[in-house]
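In our numbering, the protein residues as written are 26 to 481.
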């Protein structure tokens with residue numbers, strides 16, 4: 026039978042190095058305000074470990090949600106996101122879990138999922154939060170709300186082991202603009218880039234334009250800008266000054282003229298892939314220039330075409346056409362101040378694309394792969410402790426291989442094994458089924474226009 030006391034003795038020790046701006050659970054239990062179907066929080070202990078019980082009792086009444094509001098006061102403008110370590114009894118009675126943070130008087134919300142009744146470690150980056158208003162700032166945060174929406178009748182109980190705000194683990198920041206007319210596009214590309222970085226073990230600071238001045242950028246050794254078009258002229262000026270001071274930057278798709286000039290990048294021209302024969306389907310890195318990178322899938326309906334390269338620039342990756350052959354169109358250009366990818370990053374090929382991003386970053390921050398491997402191993406060890414006696418053998422073997430490869434300095438192999446171990450610990454073994462001769466397998470396409478560059 027499920028019980029939150031079923032924790033391994035080493036769990037408490039594993040939590041200690043991960044605590045960064047962690048909320049005090051005893052204080053949280055005392056100050057939390059409840060509404061809807063929520064019951065008063067209860068602080069529980071199991072040996073040296075304490076956790077918070079948040080119970081919702083869903084009935085046939087009019088209320089459809091249980092809420093726990095936790096007052097706090099922090100500047101979250103330069104954090105990566107929010108991390109929860111928790112489990113849930115009867116999660117099937119909850120249709121949706123949500124986190125709200127009130128920042129600058131505006132609510133930001135994000136959903137999270139709990140699969141089964143095992144302990145889980147959930148990182149919710151700021152890039153996944155959607156504002157319920159136009160003015161976006163994370164400087165003045167004063168209220169956090171945990172919500173559970175009714176999906177059935179009966180009691181559902183969250184056991185919260187820790188709630189912390191994650192600090193960046195590297196000197197990397199992702200900068201996003203807050204232009205209201207481009208808000209949806211900006212949010213989408215910010216999320217795609219951040220999810221890719223997190224999957225490699227890199228935790229960047231996520232900076233919104235309203236929280237940034239020139240002095241804010243200076244401590245970071247590298248800035249990534251997923252959608253420069255959404256930046257204001259003042260923020261472009263800050264980036265130009267940052268580059269002139271020796272900062273490194275990675276940018277994507279269309280470059281504003283002043284930013285292109287500061288990076289010594291050519292203007293290029295937009296090329297529309299309006300027929301299947303012109304469609305680009307992926308990016309092929311030059312193995313001599315980026316030996317740790319990998320070719321990755323990315324469908325595109327258009328990109329910025331560069332036909333002539335200045336002497337100080339080098340194309341380190343090329344677009345592949347619908348037949349899978351490299352073209353003469355550069356996909357990634359590198360110069361002294363950073364790199365430029367001639368299309369937005371979509372995170373369609375999650376593992377290979379993220380590995381190429383890591384290779385690009387490592388050329389300017391050589392310690393980035395080591396930090397990524399260390400973080401992934403730490404996450405895998407925590408997931409192993411949560412899995413307990415149910416950990417499958419493939420996951421344990423991959424974790425052991427990841428640790429061996431880290432010691433031997435083989436970081437690419439360490440990252441591969443750590444990622445596989447982490448996924449296996451979190452999801453468990455996958456059932457394999459044999460394909461029948463007459464069977465058709467398909468996948469959902471979420472784009473209403475069909476495949477990018479191809480339509481329906």
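A virtual CB, placed ideally from N, CA and C, is assigned to each residue, including glycine.
The structure displayed is predicted, hence computed values, not measured ones.
Does the Cβ-Cβ distance between residue i and residue j come in under 8 Å?
i: residue 365; j: residue 330; result: no
i: residue 281; j: residue 316; result: no
i: residue 182; j: residue 113; result: yes
i: residue 401; j: residue 449; result: no
i: residue 56; j: residue 95; result: yes
i: residue 288; j: residue 196; result: no
i: residue 246; j: residue 385; result: no
i: residue 397; j: residue 186; result: no
i: residue 73; j: residue 101; result: no
i: residue 192; j: residue 46; result: yes
i: residue 369; j: residue 239; result: no
i: residue 152; j: residue 224; result: no
i: residue 78; j: residue 180; result: no
i: residue 126; j: residue 154; result: yes
i: residue 184; j: residue 99; result: no
i: residue 569; j: residue 305; result: No information on residue 569 is available, as it lies outside the stretch 26 to 481 that the chain covers here.
i: residue 48; j: residue 122; result: no
i: residue 395; j: residue 440; result: no
i: residue 264; j: residue 234; result: no
i: residue 268; j: residue 283; result: no
i: residue 231; j: residue 85; result: no
i: residue 393; j: residue 387; result: yes
i: residue 157; j: residue 116; result: no
i: residue 290; j: residue 383; result: no
i: residue 326; j: residue 297; result: yes
Just curious, the beta strand (DSSP E) that residue i is in, first and last residue?
i: residue 359; result: 351-360
i: residue 482; result: Outside the shown range of the chain (26 to 481) lies residue 482, about which nothing can therefore be said.
i: residue 323; result: 321-325
i: residue 249; result: 247-250
i: residue 309; result: 305-310
i: residue 345; result: 339-346
i: residue 170; result: 166-175
i: residue 58; result: 58-61
i: residue 158; result: Element bounds for residue 158: n/a, residue is neither H nor E.
i: residue 365; result: 363-366
Tell me which residues share the same chain as residue i and place their Cβ nearer than 7 Å to its Cβ, disregarding the 5 neighbours each side in the sequence.
i: residue 457; result: Bear in mind that the predicted position of residue 457 carries a pLDDT of just 49, short of 50, making it too unreliable to give a figure here.
i: residue 120; result: 174, 175 and 176
i: residue 292; result: 285
i: residue 88; result: 61 and 62
i: residue 159; result: 205
Between which two residues does the alpha helix (DSSP H) carrying residue i extend?
i: residue 275; result: No alpha helix (DSSP H) holds residue 275; the beta strand (DSSP E) holding it covers 273-277.
i: residue 267; result: 258-269
i: residue 441; result: 436-452
i: residue 237; result: That residue, residue 237, is in no alpha helix (DSSP H); it is neither H nor E in DSSP.
i: residue 214; result: 208-225
i: residue 296; result: It is not in any alpha helix (DSSP H) - residue 296 instead sits in the beta strand (DSSP E) that spans 294-297.
i: residue 386; result: 375-387
i: residue 284; result: 282-288
Just to confirm my understanding: we take residue i, look at its own chain, exclude 5 residues before and 5 after, and list those with CB closer than 8 Å. What are they?
i: residue 467; result: none
i: residue 373; result: 321, 322, 323 and 324
i: residue 75; result: 50, 51, 68 and 69
i: residue 351; result: 309, 343, 344 and 345
i: residue 375; result: 220, 221 and 224
Does any CB atom of chain B fall closer than 8 Å to the CB of residue i?
i: residue 380; result: Included in the structure is just one protein chain, with no chain B present.
Below 6 Å CB to CB, which residues in the same chain sit around residue i once its five sequence neighbours on both sides are set aside?
i: residue 455; result: In this prediction, residue 455 scores a pLDDT of 47, lower than 50, which makes its location untrustworthy; no coordinate-derived value is stated.
i: residue 248; result: 198, 200 and 274
i: residue 464; result: none
i: residue 420; result: 446, 449 and 450
i: residue 405; result: 424, 443, 446 and 447
i: residue 237; result: none
i: residue 438; result: 430
Can you list the beta strand (DSSP E) stretches of 3 or more residues lying completely in the stretch 180-205, in chain order?
-> Qualifying beta strand (DSSP E) stretches, in chain order: 197-201.
Counting pairs of beta carbons, one from the stretch 256-275 and one from the stretch 338-353, are three or more of them closer than 8 Å?
-> no
Hey, is the stretch 196-204 in contact with the stretch 122-136, meaning 3+ C-beta pairs nearer than 8 Å?
-> With a cut-off of 8 Å, the stretch 122-136 and the stretch 196-204 do not count as touching, because too few Cβ pairs lie within range.
Below 8 Å, can you find three or more Cβ-Cβ pairs linking the stretch 291-311 to the stretch 320-328?
-> yes
So, do the stretch 217-228 and the stretch 164-181 have three or more beta carbon pairs nearer to each other than 8 Å?
-> no
Which runs of the beta strand (DSSP E) fall wholly inside the stretch 69-152 and span at least 3 residues, in chain order?
-> Runs of the beta strand (DSSP E) lying entirely within the stretch 69-152 and spanning at least 3 residues, in chain order: 74-83, 90-99, 106-114, 119-128, 131-137 and 145-150.
Using 8 Å as the threshold, is the stretch 141-156 in touch with the stretch 95-112, meaning 3 or more CB pairs across them?
-> yes
Please determine if the stretch 58-70 and the stretch 156-164 are in contact, where contact requires at least 3 C-beta pairs separated by less than 8 Å.
-> no
Continuous alpha helix (DSSP H) assignments of at least 4 residues falling wholly in the stretch 402-434 | 418-433
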